[in-house]
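Student:
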Amino acid sequence: MALRNRDLFKAGMRTFLLQAVWNFERMQNVGWAWSMLPVLRRLYPAREDLARAAKRHMEYFNTHPYLAGIILGCAARVEERAALGQGATAAEVTAVKMGMMGPLAALGDSFFWATLRPLAALLGVLMVFFAQSEGGSWAPWGVAAFLLAFNLPHLLVQALGVSFGYSAGDAIVPLLRRVEVPVLVHRMQAAGLVLLGVLLAGLQGFHPPHEEGAAGGLVVAAFGLLAFLLVRRKVRISHILWGALFCSILASYIHPSPFWGQP
Amino acid sequence: MPLALSLLDPVTLKVALLCGLLGMESSAALQLMLSRPLVVGWMVGLVCGDARTGLVIGSLLEMLYGGMLPVGAYIPPDYHLATAITVAGALRLQGAPGMPASDAVMVFMLLCSIPLAQAASRTEGWARRANVGLCHWADQGVSQGRLRGLRFSVGLALALELLRGTLLGLLGIGVMVPLLGRVVASLPPQIISGLSRMTWLLLALGLAVMADMFWNRRLVTLLASSFAIAWLLIHLLHVPLAAMAALALAGSLAAALLAKPSAP
Chain U
0 MALRNRDLFK AGMRTFLLQA VWNFERMQNV GWAWSMLPVL RRLYPAREDL ARAAKRHMEY
60 FNTHPYLAGI ILGCAARVEE RAALGQGATA AEVTAVKMGM MGPLAALGDS FFWATLRPLA
120 ALLGVLMVFF AQSEGGSWAP WGVAAFLLAF NLPHLLVQAL GVSFGYSAGD AIVPLLRRVE
180 VPVLVHRMQA AGLVLLGVLL AGLQGFHPPH EEGAAGGLVV AAFGLLAFLL VRRKVRISHI
240 LWGALFCSIL ASYIHPSPFW GQP
Chain Z
0 MPLALSLLDP VTLKVALLCG LLGMESSAAL QLMLSRPLVV GWMVGLVCGD ARTGLVIGSL
60 LEMLYGGMLP VGAYIPPDYH LATAITVAGA LRLQGAPGMP ASDAVMVFML LCSIPLAQAA
120 SRTEGWARRA NVGLCHWADQ GVSQGRLRGL RFSVGLALAL ELLRGTLLGL LGIGVMVPLL
180 GRVVASLPPQ IISGLSRMTW LLLALGLAVM ADMFWNRRLV TLLASSFAIA WLLIHLLHVP
240 LAAMAALALA GSLAAALLAK PSAP
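If you read the protein sequences in the order shown, they are chains U and Z. Using numbering that gives the first Met the number 0, the first residue of the first sequence is number 0, and each one after it goes up by one. Using numbering that gives the first Met the number 0, the first residue of the second sequence is number 0, and each one after it goes up by one.
(1) Checking 7 Å against the spacing of the C-beta atoms, do alanine 220 (chain U) and glutamate 61 (chain Z) come in under that value?
(2) I need the straight-line Cα distance from glycine 101 (chain U) to leucine 183 (chain U), nearest angstrom please.
(3) May I have the straight-line CA-CA distance separating glycine 192 (chain U) from leucine 199 (chain U), to the nearest angstrom?
(4) Hey, could you find the ends of the alpha helix (DSSP H) isoleucine 171 (chain U) is sitting in?
(5) Quick check on this structure: which residue in U:Leu115, U:Leu147, U:Gly98, U:Ser132 has the alpha carbon closest to the alpha carbon of leucine 175 (chain U)?
(6) Could you check the C-alpha separation between leucine 249 (chain U) and leucine 240 (chain U) for me, to the nearest Å?
(7) For phenylalanine 60 (chain U), which beta-bridge partners are listed by DSSP?
(8) Applying the criterion that 16 or more other CB atoms from any shown protein chain within 10 Å of the CB defines a buried residue, is tryptophan 125 (chain Z) buried or exposed?
(9) Where arginine 177 (chain U) and leucine 33 (chain Z) are concerned, what is the direct C-alpha to C-alpha distance, given to the nearest angstrom?
(10) Which of the residues in the region 50 to 80 of chain U, read from start to end, lie with their CB under 7 Å from any CB of chain Z?
(11) Are there 16 or more other CB atoms within 10 angstroms of the CB of proline 44 (chain U), so buried, or fewer, so exposed?
(12) Comparing alpha-carbon positions, which option in U:Ala1, U:Leu49, U:Arg116, U:Val172 lies nearest alanine 94 (chain U)?
(13) Is there a C-beta anywhere in chain Z that falls below 7 Å from the one on methionine 126 (chain U)?
(14) Between the alpha carbons of serine 30 (chain Z) and glycine 123 (chain U), how many angstroms are there, rounded?
(15) Note down the Cα distance separating phenylalanine 110 (chain U) from glutamate 160 (chain Z), rounded to an integer number of angstroms.
(16) Under 8 Å Cβ-Cβ, which residues of chain Z neighbour serine 132 (chain U)?
(17) Pick out whichever of Z:Gln189, Z:Leu204, Z:Leu7 has its Cα sitting closest to the Cα of leucine 100 (chain Z).
(18) Using CA coordinates, which residue listed in Z:Ala28, Z:Ala27, Z:Thr52 is at the minimum distance from valine 271 (chain Z)?
(19) Near threonine 114 (chain U), which residues of its chain fall below 7 Å by C-beta distance, leaving aside the five closest residues on each side in sequence?
(20) Could you check the C-alpha separation between leucine 154 (chain U) and leucine 178 (chain Z) for me, to the nearest Å?
(21) So, for leucine 103 (chain U): in the same chain, excluding its five sequence neighbours on each side, which residues have a beta-carbon less than 7 Å away from its beta-carbon?
(22) Only counting runs of 4 or more residues, tell me where the alpha helix (DSSP H) segments fall wholly within the region 35 to 82 of chain U, in order along the chain.
(23) Below 7 Å between beta carbons: does that hold for valine 153 (chain Z) and tryptophan 31 (chain U)?
(24) Select from the region 75 to 97 of chain Z all residues with a C-beta closer than 8 Å to any C-beta belonging to chain U, and list them in chain order.
(25) Which residue from U:Pro117, U:Gly164, U:Ala81 puts its Cα closest to that of glycine 66 (chain Z)?
(26) How would you call glutamine 265 (chain U), buried or exposed, if buried means at least 16 neighbouring beta carbons within 10 angstroms?
(27) Glycine 242 (chain U) and phenylalanine 129 (chain U): beta carbons closer than 7 Å?
(28) Checking 7 Å against the spacing of the C-beta atoms, do isoleucine 74 (chain Z) and serine 120 (chain Z) come in under that value?
(29) Grouping DSSP H, G and I as helix and E and B as strand, with all else coil, what is aspartate 8 (chain Z)?
(30) Look up isoleucine 74 (chain Z) in the DSSP assignment and say whether it is helix, strand or coil.
(31) In angstroms with no decimal places, state the Cα-to-Cα distance between tyrosine 252 (chain U) and valine 218 (chain U).
(32) State buried or exposed for glycine 19 (chain Z), treating a residue as buried only when at least 16 other CB atoms are found within 10 Å of its CB.
(33) Of the choices U:Ala167, U:Glu179, U:Ile236, whose alpha-carbon is the least far from that of cysteine 73 (chain U)?
(34) Can you list, in chain order, the residues of its chain with a C-beta nearer than 6 Å to that of threonine 85 (chain Z)? Leave out the 5 residues immediately preceding and following it.
(35) Can you tell me the Cα-Cα spacing of alanine 255 (chain Z) and alanine 189 (chain U), whole angstroms?
(36) Rank U:Asn150, U:Ser237, U:Arg41 by C-alpha distance to the C-alpha of arginine 5 (chain U) and give the top, closest one.
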């Protein structure tokens, strides 16, 4: 029997729980096999065939959770051709899965985790700090902005991923090759640096509760610059933090009258 | 407050349950970013009665944890637990008898939450090892044609995740916060002064982490020009910050659309 949109939709919804049984041996395999079940149930009405097909999907699987729907749609298409005897084999289903999961994991990690999430977070943080300077009444909009900025692309990709993968089928690899990740990342970096510039300018007016004159601001700015250089050199953030705490406490012992910050 | 009472306190229980739900959301289910510090700070702040302070602490932690990516098998620190402990601790201890200034308490809780979050992330490693057993059990079931085992494994793993997060939240808010409160109340004034001074250093460090995430030498002029224009608008033309936030969003969208990567 051919697949219906309903089967693909059910399978796509299940990818939201892809990582539920994440394990060190076969990673997302249980979530993946469970997500594929609505598709397999439709394609293999006989119990033995269904169990055999499900078993195939219990192999190692690991990709970016948001892009798993694309692989699922593509695998469903090949699985359908295999079930209907249209030239595909079970081995091809596995090959499609294995061939796509690595590149899509890299794509998702660099776009969603390393770029879009910090960008959305920066927007949210900017709004919270700016709202705080004006009394804080609209600060929760920062949370809304963060969630919207991140989840609109995320949910769009997850909602359309399965049908995109299913329509593209085998032709998906050349299509994905056309996605220029470095260009996307470059554009996101530009957006992030604009937000950062505005945030830095706005923070000048966000006075600490105990701020005392320009000396304190200079110390904080100098520390920020030093911290940036250390972070660029891959020094661990926790080490910088403990170092700053040590210096801060030492300064309190040496110079009880603070440059900034009233105890 | 005695420890037993602190554990049974309704706020403690609510925050612990929230930690359980967010622990599940952070990796096992949905991943809608509800477990990010910015959102958790606001939610825990709401539960504890001061959403504004929760938001500021959440923003600070969002920047500090911004660079930690859940790539591959790497398990990042349990940042939602760190945020819950910091926000709940700072809000519940502020104004208590014998407590120092609230910013010192906040910084102290934040610093203590970092090793706690790292320790808590180890329990996620244990959960993932336990999931190997669930995987084998489901695999065996599938081989024998019992496909319901898959649904059961997913449900059980989620329930265990909820339980793990709730217990960690209970331990963090019900036990660690009162204990850390006693420690901070007994610190000498010089250390309290040092902690107060750290507030702004934390913000500077957070900004440094964010700058590192977006750093691109070819785009430095963009950073400098957006800073200069925003500075003029805010400090000379006194444009309200709400309008500046909208302008920043528009500017960043424009920059994203217009930026063209040139050959290195």
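Glycine is no exception: its CB is placed at the ideal position from the N, C-alpha and C atoms.
Tutor: Inspection of the coordinates gives the following:
(1) No.
(2) Their backbone Cα atoms lie some 19 Å apart in a straight line.
(3) Checking the sequence, you will find leucine at residue 192 (chain U) rather than glycine. Using only the alpha carbons, I get a separation of about 10 Å.
(4) Its alpha helix (DSSP H) spans residues 171 to 176.
(5) For the residues U:Leu115, U:Leu147, U:Gly98, U:Ser132, the minimum Cα distance to leucine 175 (chain U) belongs to U:Gly98.
(6) When rounded, the distance between both Cα atoms is 14 Å.
(7) BP columns for phenylalanine 60 (chain U) point to U:Met26.
(8) With fewer than 16 Cβ atoms within 10 Å of its Cβ, tryptophan 125 (chain Z) is classed as exposed.
(9) Arginine 177 (chain U) and leucine 33 (chain Z) have their C-alpha atoms some 32 Å from each other.
(10) Along the region 50 to 80 of chain U, the positions whose C-beta sits under 7 Å from a C-beta of chain Z are Ala50, Ala53, Lys54, Met57, Pro64, read in chain order.
(11) By the beta-carbon neighbour count (other beta carbons within 10 angstroms, threshold 16), proline 44 (chain U) is exposed.
(12) If we check each option's Cα against that of alanine 94 (chain U), U:Val172 comes out closest.
(13) Methionine 126 (chain U) counts as touching chain Z.
(14) Position check: residue 30 (chain Z) holds glutamine in this sequence, whereas serine was assumed. Each residue's alpha carbon lies about 18 Å from the other.
(15) Cα atoms of phenylalanine 110 (chain U) and glutamate 160 (chain Z): separation of roughly 27 Å, rounded to the nearest angstrom.
(16) Neighbours of serine 132 (chain U) on chain Z, chain order: Leu240.
(17) Sequence inspection shows alanine at residue 100 (chain Z); the leucine mentioned does not correspond to that position. Looking from the CA of alanine 100 (chain Z), the closest CA among Z:Gln189, Z:Leu204, Z:Leu7 belongs to Z:Gln189.
(18) As displayed, chain Z neither begins before 0 nor continues past 263, which places residue 271 (chain Z) out of reach and without an answer.
(19) If we look at threonine 114 (chain U) and ignore the five residues flanking it on each side, its Cβ neighbours are Val184, Met187.
(20) In a straight line, the C-alpha of leucine 154 (chain U) is about 42 Å away from that of leucine 178 (chain Z).
(21) If we look at leucine 103 (chain U) and ignore the five residues flanking it on each side, its Cβ neighbours are Thr62, His63, Leu66, Ile69, Ile70.
(22) Fully enclosed alpha helix (DSSP H) runs of no fewer than 4 residues occupy 46 to 55, 67 to 82 of the region 35 to 82 of chain U, in order along the chain.
(23) Contact flag unset, no.
(24) Cβ contacts with chain U: none found.
(25) Selected option, being the one with the closest Cα: U:Pro117.
(26) Coverage of chain U is limited to positions 0 through 262, which leaves residue 265 (chain U) absent and any answer about it impossible.
(27) Taking 7 Å as the cut-off, the Cβ atoms of glycine 242 (chain U) and phenylalanine 129 (chain U) do not count as close.
(28) Contact check for isoleucine 74 (chain Z) against serine 120 (chain Z) passes: the beta carbons are separated by less than 7 Å.
(29) For aspartate 8 (chain Z), the three-state secondary structure derived from DSSP is coil.
(30) In this structure, isoleucine 74 (chain Z) counts as coil in the three-state DSSP scheme.
(31) The C-alpha of tyrosine 252 (chain U) lies about 17 Å from the C-alpha of valine 218 (chain U).
(32) Buried, by the Cβ-count rule.
(33) Considering only alpha carbons, the answer is U:Ala167.
(34) Closer than 6 Å at Cβ, skipping near neighbours: Ile56, Met108, Leu109, Ser112.
(35) Each residue's alpha carbon lies about 6 Å from the other.
(36) Answer by Cα proximity: U:Arg41.
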